[in-house]
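>
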Amino acid sequence: MDRLELVCPAGTPAALRAAVDAGADTIYCGFRDETNARNFPGLNFSREELAEGVRYAHNAGVKLLVAINTFPRAGEPEKWHAAVDDAAKYGADAVILADLGLLAYAAEKQSQLRRHLSVQAAAANADAINFYVDTFGVKRVVLPRVLTVQEIAAINRQIKCETEVFVFGGLCVMAEGRCALSAYATGRSPNMNGACSPASHVVYREEGSDLVSKLGPFTINRVKRGAPAPYPTLCKGCFSAGGYEGHVFEDPVSLDAATLLQEFAKAGVTALKIEGRQRSRSYIQTVVRSFREATEAQAKGLPIMANELKRLTEGQTTTAGAYAKTWR
Amino acid sequence: MQPAIDIVAVPAPVRLFLRPLPLLPLRLMLERMVLGLIRRRPGLFARLDHHAEKTFLIDPLDLPFVFRLKPRQDRPTVEPLRRGEEGMFDARIAGPLGALMGMIHGAFDGDALFFSRDIVIEGDTEAVLALRNALDDGEIDLMEEAAAAFGPFRPAIEPFLKRATPIAERVTGLPLRRVDTMQF
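Note that the protein sequences, when read in sequence, are chains A and B.
Going by the working numbering, the first sequence opens with residue 249, and the numbers climb by one from there.
Going by the working numbering, the second sequence opens with residue 529, and the numbers climb by one from there.
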């Protein structure tokens, strides 16, 4: 069986080198601005760093993708157009896009540049995916994290492009690209500004033995001493509502679908995506190495053991998410 | 909850030994290291952006002093201060010395240390992220920086550091070198 392609994140040039050296097949990264959905302080690539990153990756036989997966502001598409043009200019192997207008621009102006559909486009059925393939020549779609393995298999039987699925990292269960929770609390959204729960609006405060985390004016979590500290995203907050007190939308757990690699391969998946461009080179090295071993085992038809990466994750707990439908 | 990352605290006798030591020599040494770092790695400041103007309190909880860092490109300062004399700061990063050094040296992931509550942050979260990301991309090795801070005496100091650092790591359990340069 073919080995699943391992698509790994890089938030900095150091992380890119760590991912390449740890066994990534493909790296994805973004420019240092709001054109990508990880627009965090101190993160991402200048044009010069991207050019050097492409050289480093290609010398190791690794592909490099550029995520330009936010939605251009009305009347100001130039920054997004320039990102597409520069990704092509500096030798990226593909761009990861979500916006219809930007897909149209890329298909017309940089037709030789391979186009992937970002999870931010939330294309979750065969008709939607085939529209992107037929209209914009999309070669690969990154599937939302709300589908079961059976649904992924069904989609793969009906579409004309490759699929890529998230296998490890932060777990977003909202309709990606449409979620307005962060914008409601802060006025800034991952879709337009490139940051969900932007750090500029996050405050941590110790109150006695409790750690309180706030996003804008809202208290999102209060955890006791010894409990894992969550990042204050609204979807993973702890609230009282309708007589229920707890994680109303989603528990603060992370995705780990390592044990499902054989099922993904049988379902026709081409590539596995590791989330975490905001994480350190230490995280990248550990996670990529672990999944490289797992994909080697998958290609040989060997059983894949659950890995020991929980300590790196938010919530210090992992789940197979919607893939296995054991999850609230 | 998973056990926290294996972080060794600075032993109590070492803390006692350090407590009365004068801080001026340490300050001079640290400032030479930071100046050298800036010269060799200007990219650090591109990542810090306007956060380079902020004041960071680096608080190793198992040491008798803290460090107030102002990473300004034109005149960076690092002041070791006795506890209780911390003064004003924009952001504070606190945790065992081993966790903070491990983060700088690429041994530990900053988010994982935060999730497991081995480190605590307060104040300007955006500035903390910018500093964390800049340092992570810098692939800094504090022992190399310490050797470089000796300027013309580096050739005399470096062989001693190369021999002493692995021994000090084994004795203290602290990650004293960048992870991918363990052969230093």
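By construction, the Cβ of each residue, glycine as well, lies at the ideal position given by its N, Cα and C atoms.
Please list the segments of the beta strand (DSSP E) lying wholly inside the segment 620 to 705 of chain B, counting only runs of 3 or more residues, in order along the chain.
Uninterrupted beta strand (DSSP E) stretches at least 3 residues long and entirely within the segment 620 to 705 of chain B occur at 648 to 651, given in chain order.
> Would you decide whether A/Asn317 is buried or exposed? Buried here means 16 or more other CB atoms lie within 10 Å of its CB.
The sequence position of residue 317 of chain A within the first sequence is 69, counting from 1. Flag for A/Asn317 reads buried.
> Can you grab the Cα-Cα spacing for the pair A/Cys420 / B/Glu697, in whole Å?
Sequence index remark: in the first sequence, residue 420 of chain A carries index 172 (1-based). Sequence index remark: in the second sequence, residue 697 of chain B carries index 169 (1-based). The alpha-carbon atoms of A/Cys420 and B/Glu697 are separated by roughly 40 Å.
> Please decide whether A/Val268 counts as near chain B, where near means a Cβ-Cβ distance under 8 Å.
Reading the first sequence from its first residue, position 20 is the one you call residue 268 of chain A. No, because no Cβ of chain B sits closer than 8 Å to the Cβ of A/Val268.
> Within 8 Å (strictly less), CB to CB, does B/Leu576 reach chain A?
Translated into the one-based positions of the second sequence, residue 576 of chain B becomes position 48. Under the Cβ criterion of 8 Å, B/Leu576 is counted among the residues facing chain A.
> Could you check which residue in A/Tyr571, A/Thr567, A/Arg559 has the C-alpha nearest to that of B/Phe643?
Taking the second sequence and counting its residues from 1, one reaches residue 643 of chain B at position 115. Comparing Cα positions, the closest option is A/Arg559.
> Three-state secondary structure (DSSP) at B/Ile566?
Indexing the second sequence from 1 puts residue 566 of chain B at position 38. In this structure, B/Ile566 counts as helix in the three-state DSSP scheme.
> Just checking, does the segment 635 to 654 of chain B make contact with the segment 555 to 574 of chain B on the three C-beta pairs under 8 Å criterion?
no
> Which residues, in chain order, does the segment 416 to 435 of chain A contribute to contact with chain B at a C-beta distance below 9 Å?
none
> Hey, could you find the ends of the beta strand (DSSP E) A/Ala489 is sitting in?
Walking along the first sequence from the start, residue 489 of chain A turns up at place 241. Note, A/Ala489: beta strand (DSSP E), 487 to 489.
> Which value, in whole angstroms, describes the spacing of the CA atoms of A/Tyr531 and A/Asp281?
Indexing the first sequence from 1 puts residue 531 of chain A at position 283. Indexing the first sequence from 1 puts residue 281 of chain A at position 33. Approximately 23 Å, taken between the alpha carbons.
> Just to confirm, are A/Leu313 and A/His364 a CB contact at a threshold of 8 Å?
The residue you call residue 313 of chain A lines up with position 65 of the first sequence. The residue you call residue 364 of chain A lines up with position 116 of the first sequence. Yes. Within cutoff.
> For B/Met710, which three-state DSSP category applies?
One-based indexing of the second sequence puts residue 710 of chain B at position 182. Because the pLDDT of B/Met710 is 42, which lies under 50, any placement of that residue in the model is unreliable, and the question is left without a value.
> Check whether the segment 255 to 262 of chain A and the segment 296 to 309 of chain A are in contact - that is, three or more C-beta pairs closer than 8 Å.
Contact between the segment 255 to 262 of chain A and the segment 296 to 309 of chain A is present, with at least three C-beta pairs closer than 8 Å.
> Closer than 8 Å, CB to CB, is B/Ala537 near chain A or not?
Working through the second sequence from its first residue, we reach residue 537 of chain B at position 9. With respect to chain A, the C-beta atom of B/Ala537 has no partner C-beta closer than 8 Å.
> Is A/Lys357 buried or exposed, if buried means 16 or more other CB atoms sit within 10 Å of its CB?
As a first step, residue 357 of chain A is located in the first sequence; it is residue number 109 there, counting from the start. Classification of A/Lys357: exposed, given that the 10 Å Cβ count is below 16.
> How many Å lie between A/Ala305 and A/Lys311 at the Cα?
Your numbering for residue 305 of chain A matches position 57 in the first sequence. Your numbering for residue 311 of chain A matches position 63 in the first sequence. For A/Ala305 and A/Lys311, the gap between their C-alpha atoms comes out near 6 Å.
> Could you check the C-alpha separation between A/Phe497 and B/Leu552 for me, to the nearest Å?
Residue 497 of chain A sits at position 249 when you count from the first residue of the first sequence. Residue 552 of chain B sits at position 24 when you count from the first residue of the second sequence. Distance between the alpha carbons of A/Phe497 and B/Leu552: 53 Å.
> Consider the Cβ of B/Ala627: report whether some Cβ of chain A lies at a distance smaller than 8 Å.
Reading the second sequence from its first residue, position 99 is the one you call residue 627 of chain B. Answer no: the Cβ-Cβ gap between B/Ala627 and chain A never drops below 8 Å.
> Relative to chain B, which residues along the segment 439 to 460 of chain A have a C-beta separation below 9 Å, given in chain order?
Pro446, Ala447, Ser448, His449, Val450, Val451, Tyr452, Arg453, Glu454, Leu459
> If the cut is a Cβ gap below 7 Å, which residues of chain A does B/Glu654 touch?
Taking the second sequence and counting its residues from 1, one reaches residue 654 of chain B at position 126. Those are Pro289, Ala447, Ser448, listed as they occur along chain A.
> Measuring only the C-alpha atoms, how far is B/Phe593 from B/Gly612?
As a working note, residue 593 of chain B is residue 65 in the second sequence. As a working note, residue 612 of chain B is residue 84 in the second sequence. Cα to Cα, the separation comes out at about 9 Å.
> Curious, which full-length alpha helix (DSSP H) runs of at least 4 residues does the segment 462 to 520 of chain A contain?
With a minimum length of 4 residues, the continuous alpha helix (DSSP H) runs that stay inside the segment 462 to 520 of chain A are 509 to 514.
> Can you tell me which of B/Arg610, B/Arg660, B/Gly634, B/Arg691 puts its alpha carbon nearest to the alpha carbon of B/Asp669?
Within the second sequence, residue 669 of chain B is the residue found at index 141, counting from 1. Ranked by Cα distance from B/Asp669, the first of B/Arg610, B/Arg660, B/Gly634, B/Arg691 is B/Gly634.
> At the 8 Å Cβ level, is A/Gly580 part of the contact set with chain B, yes or no?
Within the shown structure, residues of chain A are numbered from 249 to 576, placing residue 580 of chain A beyond reach of any answer.
> Provide the residue(s) that pair with B/Asp587 in DSSP beta bridges, ordered along the chain.
Position 59 of the second sequence holds residue 587 of chain B. In DSSP, B/Asp587 forms a bridge with B/Ala622.
> DSSP three-state call for B/Asp577: helix, strand or coil?
Position 49 of the second sequence, counted from the start, is the residue given in the question as residue 577 of chain B. In the structure shown, B/Asp577 sits in a helix (DSSP, three-state: H, G or I).
> By the 8 Å beta-carbon criterion, what residues does the segment 520 to 531 of chain A contribute toward chain B?
Gln526, Arg527, Ser528, Arg529, Ser530, Tyr531
> Is there at least one Cβ from chain A nearer than 8 Å to B/Leu657's Cβ?
As a working note, residue 657 of chain B is residue 129 in the second sequence. The beta carbon of B/Leu657 falls within 8 Å of a beta carbon belonging to chain A, placing the residue at that interface.
> Any C-beta of chain B sitting closer than 8 Å to the C-beta of A/Leu348?
Along the first sequence, read from residue 1 onward, the residue named residue 348 of chain A stands at position 100. Not an interface residue.
> Based on Cα-Cα distance, which residue from B/Arg543, B/Glu607, B/Asp708 lies nearest to B/Gly666?
Working through the second sequence from its first residue, we reach residue 666 of chain B at position 138. Ranking B/Arg543, B/Glu607, B/Asp708 by Cα distance to B/Gly666 puts B/Asp708 first.
> In chain A, what lies closer than 7 Å to B/Phe642 by C-beta?
Here residue 642 of chain B corresponds to residue number 114 of the second sequence, with the count starting at 1. By Cβ distance, chain A contributes Ala477.
> Can you tell me whether DSSP reads A/Val536 as helix, strand or coil?
Here the question's residue 536 of chain A lines up with position 288 in the first sequence. Three-state DSSP puts A/Val536 in a helix.
> Return the chain-ordered list of same chain residues with a C-beta closer than 6 Å to the C-beta of A/Ala335, the five sequence neighbours on each side being excluded.
Taking the first sequence and counting its residues from 1, the one referred to as residue 335 of chain A is at position 87. Cβ neighbours of A/Ala335 beyond the five flanking positions: Val314, Val343.
> Taking B/Phe688 as the query, report the chain A residues whose CB atoms sit under 8 Å from its CB, ordered along the chain.
Position 160 of the second sequence holds residue 688 of chain B. Here the premise fails: no neighbours, minimum Cβ distance about 28 Å.
> If contact means a Cβ-Cβ distance below 7 Å, which residues of the segment 608 to 640 of chain B contact chain A?
Gly634, Ala635, Phe636, Asp637, Gly638, Asp639, Ala640
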